[in-house]
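In what follows, a single structure is set out as structure tokens and then discussed.
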Amino acid sequence: MTSSINETLIRATVTRRENQTDDIALFVLSAVDGSALPPFQAGAHIDVILDDDTIRQYSLSNAPGEGVYRLGILNDPNSRGGSKRIHAELETGAELTISAPRNHFPLEMEAAHSLLIGGGIGITPMIAMAYALKAAGRSFELHYCSRSESKAAFLAELKREFGEQLVLHFDDAGDAARIDPKALCQDAVQGSHVYVCGPGGFMDWVIEQSKAAGLPDAQIHFEYFSAEVDISGEAFEVFAETSGVTVQVGPNESIATALKAAGVKVQMSCEEGVCGTCICDVLEGTPDHRDHFLTEEEKEDNDQIALCCSRAKSARLVIDI
């Protein structure tokens, strides 16, 4: 599997903006030319391209097949500026460039039961999944974890559309309201699948608890939208074969930074090893994987690397860029 910024770019317009909470806004996007936007499957995301250096991924949260894309975006005070710009600049009528959808977080539609667990703004892909499962008549539960009801977006819609399939977990409602992923997985029917998205620590905990309940890795699905990364380590050499450039990657430097300083164009977005934009083929050497994008099986193959955060176990890497 390889990944890069989708080559199909689309001019879109914001046909509706609605502030759902004090820090979450809903944006409905339509094609500028009035045509239906490309179809997508639940779990997909798009790139929002603010400029050459500011590209962000956001999950699609509406029901597939509507011809529009709906985003729910948190104005994160700890972000690198993308969400702040979107909240400040994108009002109804604004135009922007987006990519066609990509899906690294697909649903297993034949699962006996699906447990959809969204933490905070991580609820967005879960909403699209819930719509898809409801339309197909499949068994599922939608668990929404938030600090409080006032911080939870989409609530009226979720209550209206999903009724008893929706379970709310608010931190300020006390211990009885808090989610217990291990118990959920143990009590679920055989063949259940878990899907989780949200803050990194929350996701790590849900994944760990799901495994502790005995769920196989193949039945646990997740998508990180941010992560802490450690790019430190011993220096090593990288030869960018296509470009014919050799660089030394320093102890606290990323491969991407070293390549860009040498004039090699590297496509990046998250810079945290979660989006897959900078994934590159490895031709020689052994990567030291630090990303949250490649699966464990893909990492074991050692034929790809996330240039924004991963390093080398060997003294030299040869990569296809």
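Quick note: the sequence shown, position 11, residue 11 per UniProt numbering, numbers continuous. Yeah, the Cβ is synthetic: ideal placement off N, Cα and C, and Gly gets one too.
- Following the DSSP letters along the chain, one finds GLN209 inside the alpha helix (DSSP H) bounded by residues 200-212.
- In the three-state reduction of the DSSP assignment, GLU141 falls in the strand class, which pools E and B.
- Taking every protein chain shown into account, the CB of ASP52 has fewer than 16 other CB atoms within 10 angstroms, so this residue is exposed.
- Under DSSP, the beta-bridge partners assigned to SER59 are HIS45.
- Taking the C-beta atoms as reference points, GLN41 is found no nearer than 8 Å to PRO77.
- Out of VAL245, GLU241, VAL247 and SER254, the CA that lies nearest to the CA of GLY233 is found in SER254.
- VAL264 is the residue among LEU71, ALA130, GLU208 and VAL264 whose C-alpha sits nearest the C-alpha of GLY244.
- By the Cβ criterion, the region 74-88 is not in contact with the region 100-107, since fewer than three pairs of Cβ atoms, one from each stretch, lie closer than 8 Å.
- Contact annotation: LEU29 and THR15 have beta-carbon atoms nearer than 8 Å.
- The DSSP-derived three-state label of ALA262 is coil.
- According to the DSSP assignment, ALA177 belongs to no alpha helix (DSSP H), since it is labelled neither H nor E.
- From the listed residues ARG11, PHE170, ILE319 and GLY201, the smallest Cα separation to GLU223 is found for GLY201.
- Remark: C-beta atoms of VAL194 and GLU241 do not approach each other more closely than 8 Å.
- In this structure, the straight-line span from the alpha carbon of LEU74 to that of MET109 is close to 29 Å.
- Secondary structure note for TYR195: its beta strand (DSSP E) is the uninterrupted segment 192-197.
- Taken atom to atom, the span from the alpha-carbon of ALA173 to that of GLU149 is near 9 Å.
- Scanning the UniProt domain "FAD-binding FR-type" (7-108) from its first residue to its last, the whole alpha helix (DSSP H) runs of 4-plus residues come out as 82-89.
- By the CB criterion at 8 Å, ILE46 and LEU60 fall inside the cutoff.
- The DSSP-derived three-state label of GLY118 is strand.
- ASN62 sits buried, since 16 or more C-beta atoms from the chains shown fall within 10 Å of its C-beta.
- In the structure shown, GLU297 falls within a helical segment according to DSSP collapsed to helix, strand and coil.
- DSSP, read as helix, strand or coil, puts SER146 in strand.
- Contact check between the region 140-160 and the region 122-131: three or more CB pairs, one atom from each, fall below 8 Å, which counts as touching.
- Beta-bridge partners of THR246 (DSSP): PHE239.
- Measuring C-alpha to C-alpha distances from PHE225 to each of ILE10, GLN57 and ALA25 identifies GLN57 as the nearest.
- When the alpha-carbon of ASP288 is set against those of ALA235, GLN209 and THR257, the nearest one is in ALA235.
- Excluding residues up to 5 positions away in sequence, GLY200, GLU272, GLY273, VAL274 and HIS292 lie with their Cβ nearer than 7 Å to the Cβ of ALA227 in the same chain.
- With a 10 Å radius around the Cβ and a threshold of 16 neighbouring Cβ atoms, VAL32 comes out exposed.
- Around the CB of PRO181, 16 or more other CB atoms lie within 10 Å, so the residue is classed as buried.
- Taking C-alpha positions only, GLN267 is separated from CYS278 by approximately 6 Å.
- With a threshold of 16 other beta carbon atoms within 10 Å, GLN190 falls short and is exposed.
- Counting every other CB atom within 10 Å of its CB across the protein chains shown gives GLY276 a total of 16 or more, marking it as buried.
- As the crow flies, the alpha-carbon of LEU259 is around 7 Å from that of VAL247.
- Your pair SER314 and THR286 checks out as a contact, with CB atoms roughly 4 Å apart and the cut at 8 Å.
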